[in-house]
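Read through the structure below, which is laid out as structure tokens, and then see the notes.
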Amino acid sequence: MIELIAGKYNYWIYIALMMIGFYAMIAKGNLIKKIIGMNIFQTAVFLFYISTSKVKGGTAPIEWEHAILYDNPLPHVLILTAIVVSVSTTAVALALIIRIYKEYGTMEEDVILEMGEGETQDTEQRLHDLEDEIKDAELRLRDAEQIAKSVD
Amino acid sequence: MIDFLLLLFLVVCAIAAIRMKDLLSAIMILGVYSLIMAVVWTRLNAVDVAFTEASVGAGITTMLLIAALSRTKRGEEGNRQSSISRRSLAALLVVLVTGAVLIYGTIDMPNFGDPNAPANLHVAPRYIEKSHDETGVENFVTAVLASYRGYDTLGETTVIFTAGICVILLLRRKSEQ
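So the sequences go chain by chain: A and B. Each residue of the first sequence is one higher than the one before, counting from 1 in this note's numbering. Each residue of the second sequence is one higher than the one before, counting from 153 in this note's numbering.
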């Protein structure tokens with residue numbers, strides 16, 4: 001049991017970090033908070049990935065005459081790419097948030113959703129009114145036709 | 153011991169960043185979190201990644217967030233009272249279940265630092281043995297990044313290019329349309 005904890009506690013801390021970010025992404029209403037959660041989530045994944053490259057007694061993967069064992073360089077390469085990609089996603093997400101703020105004047109998810117619902121309700125109401133008007137016009141047209149026939 | 157303390161500090165920073173009501177404070181704490189992450193990666197001997205995280209993660213991400221904040225609003229209004237408890241309870245449930253499943257998954261993983269872990273036995277030894285002769289670069293990470301996986305890096309550049317175009321299109325002024 002102690003061996004299990006000693007060997008794996010790192011992984012569990014990474015999972016805790018990842019879940020903190022995940023929680024922020026689901027539960028927080030503010031869009032910037034969601035981005036912060038996403039960042040924490042991403043770095044936790046990177047940390048997990050990097051930790052698999054560590055070898056006990058290994059040195060940094062740069063050629064050195066006294067080195068006996070090197071750490072695995074491959075995860076480092078992959079995560080270098082991933083960090084830059086994560087910054088790109090953050091930039092696009094922030095640009096979207098700025099657009100949303102310009103459009104709605106808020107970054108709170110609840111408020112934006114309510115506004116959206118209000119708009120659909122308004123449109124439905126207007127559609128309903130228009131349908132009523134069309135019915136009225138049809139009735140009036142029929143009346144007019146009947147009058148025209150009776151005059152003939 | 154120091155590694156454990158650093159990881160613990162990371163968790164504290166993460167919780168503080170998402171609990172902070174003032175968004176600017178939350179962003180600054182996220183910057184601290186990224187910098188500690190860079191220290192952790194130095195401890196894990198991933199020096200190139202630590203450099204990138206310190207400059208790109210702690211630097212550019214923080215700057216982008218502050219720039220976005222300057223064009224929007226600083227305070228977080230918080231959830232409406234009626235929906236707050238149900239939503240965060242559901243989120244907590246999802247998060248706990250996911251975390252439990254992931255922890256269950258780690259039981260089968262090789263221990264931390266195991267030299268015989270499958271991830272360290274395939275491809276990597278070849279890079280370590282031959283990359284200097286084949287590419288003439290002493291840093292294995294650079295050799296793999298720029299030479300063996302050069303197409304990967306090209307793809308990364310394409311992603312940045314696309315993201316840049318997206319940001320320009322999204323933030324273009326209306327009068328230019």
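Ideal placement from N, C-alpha and C gives every residue a C-beta, glycine not left out. Computed from a prediction, not measured in an experiment: that's the story for all the values here.
Whose C-beta lies closer than 7 Å to the C-beta of residue i among residues of the same chain, with five residues either side of it excluded?
| i | result |
| --- | --- |
| residue 82 of chain A | 46 |
| residue 297 of chain B | 305 |
| residue 205 of chain B | 186, 189, 190, 193 |
Which of helix, strand or coil does DSSP assign to residue i?
| i | result |
| --- | --- |
| residue 249 of chain B | helix |
| residue 308 of chain B | helix |
| residue 108 of chain A | strand |
| residue 174 of chain B | strand |
| residue 329 of chain B | Residue confidence for residue 329 of chain B is low, a pLDDT of 49 falling below 50, so the modelled location carries little weight; the figure read from the coordinates is stated next. Residue 329 of chain B: coil per DSSP, three-state reduction. |
| residue 227 of chain B | strand |
| residue 151 of chain A | helix |
| residue 291 of chain B | strand |
| residue 39 of chain A | helix |
In the DSSP assignment, find the unbroken alpha helix (DSSP H) run with residue i in it and report its ends.
| i | result |
| --- | --- |
| residue 61 of chain A | Residue 61 of chain A -> no alpha helix (DSSP H), and no H or E assigned at all. |
| residue 300 of chain B | First-last for residue 300 of chain B: undefined, no H or E at that position. |
| residue 214 of chain B | 214-222 |
| residue 270 of chain B | 270-273 |
| residue 8 of chain A | 2-27 |
| residue 199 of chain B | 199-204 |
Could you check how far apart the C-beta atoms of residue i and residue j are, in whole angstroms? I think they sit under 8 Å.
| i | j | result |
| --- | --- | --- |
| residue 208 of chain B | residue 158 of chain B | That pair is no contact at about 20 Å. |
| residue 279 of chain B | residue 73 of chain A | 6 Å |
| residue 25 of chain A | residue 41 of chain A | 7 Å |
| residue 258 of chain B | residue 12 of chain A | 7 Å |
| residue 155 of chain B | residue 293 of chain B | Actually they are not in contact, since the Cβ atoms of residue 155 of chain B and residue 293 of chain B sit about 21 Å apart, beyond 8 Å. |
| residue 323 of chain B | residue 98 of chain A | 6 Å |
| residue 29 of chain A | residue 110 of chain A | 5 Å |
| residue 283 of chain B | residue 295 of chain B | 4 Å |
For residue i, which residues from the same chain have a beta carbon less than 6 Å from its beta carbon, with the 5 sequence-adjacent residues on both sides left out?
| i | result |
| --- | --- |
| residue 178 of chain B | 169, 172 |
| residue 288 of chain B | none |
| residue 329 of chain B | Unreliable placement is indicated for residue 329 of chain B, whose pLDDT of 49 sits below 50; no coordinate value is reported for it. |
| residue 311 of chain B | none |
| residue 318 of chain B | none |
Cutting at 8 Å between CB atoms, please list the residues of its own chain near residue i, excluding the five before and the five after it.
| i | result |
| --- | --- |
| residue 176 of chain B | 218, 221, 226 |
| residue 75 of chain A | 49, 50, 52, 53 |
| residue 23 of chain A | 37 |
Inter-stretch contact at 8 Å, needing at least 3 Cβ pairs: the segment 46-60 of chain A / the segment 94-106 of chain A:
For the pair of segments examined, the segment 46-60 of chain A was found not to touch the segment 94-106 of chain A: the number of CB pairs separated by less than 8 Å stays below three.
Cβ contact check for the segment 249-266 of chain B and the segment 1-13 of chain A: 3 or more pairs under 8 Å
yes
Cβ pair count under 8 Å reaching 3, the segment 237-247 of chain B against the segment 201-216 of chain B
no
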